[in-house]
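Note that the sequence shown covers residues 2 to 244 in our numbering.
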Amino acid sequence: MSQDPAQPTVLLVDDDRELVEMLAGFLSGHALTVRTAGSPALAEPLLRRGGIDLVLLDYMLPGETGMQFLKRMRQQGMEAAVIMLTARGDPIDRVLGLELGADDYVAKPFDPRELLARIRAVLRRTAVGNEPGTAAAYAFGPFTLDAVARTLRFAPSSDAAPETIELTSAEFKLLLAFANAPRQTLSREDLTRAVQPGNYEPLTRAVDVQIARLRKKLLAAAPEHDLIATVRGEGYVFTPPRS
């Protein structure tokens, strides 16, 4: 099948053949190029080949779980966006998936139109570096957040070689949201939408855990710069040093 280079490419990793056939047909009819794999073992070479913009990743898969594969993807530098598909309703699964680097989470059964909306939202968000009005990089204190490369660099002094601080996908999105709104109080709902767009009840515990871990990483690198503060009853505020 020829691929339209103008269309985003989605890799659907699921061993439910009936669901795969239905979704592939639906998404292909909505300006998406769809590739499929029935297991992580079959998905991995497709990802390594490149050209995948987003992965729809089922939780229960043969060989290893979708969560295990997601962790391995991120450890090996596979940066395609990921939407987890699962029938598991426990919120802790969402927390873990976001911590491992998922971009969104859709519980089965779902309306294909909702999934399409989520896919489009994630693709828009992961193209943030190319959006008009979005800075390519944000400098605050000894840190530089690169919105295009999706990296955080730390240089303790002007003559020191910068080091890269490893961030999960969720942590990067949170820090980008903060960098775009310095000294403004952001609610948990605002920050949840920044990490995981979609119409559902915000996972307060998830965003609190993610912010705590992000803050810990920033403080470990630069203890003198406490950049994220809790605003009781309202949310969080990002206070970069004034230049």
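We put the CB at the ideal spot given by N, CA and C, even for glycine.
So the alpha helix (DSSP H) residue i belongs to, where does it begin and stop?
| i | result |
| --- | --- |
| F239 | Here F239 belongs to no alpha helix (DSSP H); instead the beta strand (DSSP E) covers G236 to F239. |
| T193 | R189 to V196 |
| F1 | Residue 1 is absent from the structure shown; the chain starts at 2 and stops at 244. |
| E19 | R18 to S29 |
List the DSSP bridge partners of residue i.
| i | result |
| --- | --- |
| M85 | L58 and Y106 |
| L13 | T37 and L57 |
| V232 | G236 |
| T169 | DSSP output for T169 lists no bridge partner at all. |
| T186 | V238 |
| E65 | Answer is none; E65 lacks a bridge partner. |
Kindly indicate which three-state DSSP category residue i falls into: helix, strand or coil?
| i | result |
| --- | --- |
| D147 | strand |
| E80 | coil |
| A156 | coil |
| A38 | strand |
| E115 | helix |
| E45 | helix |
Am I right that residue i and residue j are in contact with their C-beta atoms under 8 Å? What's the rounded C-beta distance?
| i | j | result |
| --- | --- | --- |
| A82 | L124 | 7 Å |
| Y60 | T37 | The pair is not a contact, with the Cβ atoms about 17 Å apart (cut-off 8 Å). |
| V14 | L58 | 5 Å |
| A175 | L153 | Residue identity check: residue 175 is Leu in the sequence provided, not Ala. Rounded, the Cβ-Cβ distance is 11 Å, inconsistent with contact. |
| P241 | L228 | 6 Å |
| R75 | G51 | Contact doesn't hold; Cβ gap of about 16 Å is too wide. |
Starting from the C-beta of residue i, find all residues in its chain whose C-beta is less than 6 Å away, skip the five residues before and the five after it, and write them out in chain order.
| i | result |
| --- | --- |
| V232 | T186 and V238 |
| E164 | F155 |
| Y139 | L146 and A180 |
| E22 | none |
| P157 | P143 |
Taking residue i as part of the beta strand (DSSP E), name the residues at either end of that continuous run.
| i | result |
| --- | --- |
| L228 | That residue, L228, is in no beta strand (DSSP E); it is neither H nor E in DSSP. |
| A138 | A138 to F141 |
Nearer than 7 Å: is that true of the beta carbon of residue i relative to any heavy atom of the ligand HEM?
| i | result |
| --- | --- |
| T152 | The ligand HEM is not part of the structure shown, which contains no ligands of any sort. |
Might you give, ordered along the chain, the residues of its own chain that have their beta carbon closer than 8 Å to the beta carbon of residue i, omitting 5 neighbours on each side?
| i | result |
| --- | --- |
| P133 | With a pLDDT of only 46 at P133, under the threshold of 50, the placement of this residue in the model should not be trusted; the figure read from the coordinates follows. Once the five neighbours on either side are set aside, P133 has no close Cβ partner at all. |
| E172 | Q211, R214, L215 and K218 |
| V208 | L175, R189, L192, T193 and V196 |
Considering only residues of the same chain and omitting the five flanking positions on each side of residue i, which have a CB-CB separation below 7 Å?
| i | result |
| --- | --- |
| A222 | F155 and I166 |
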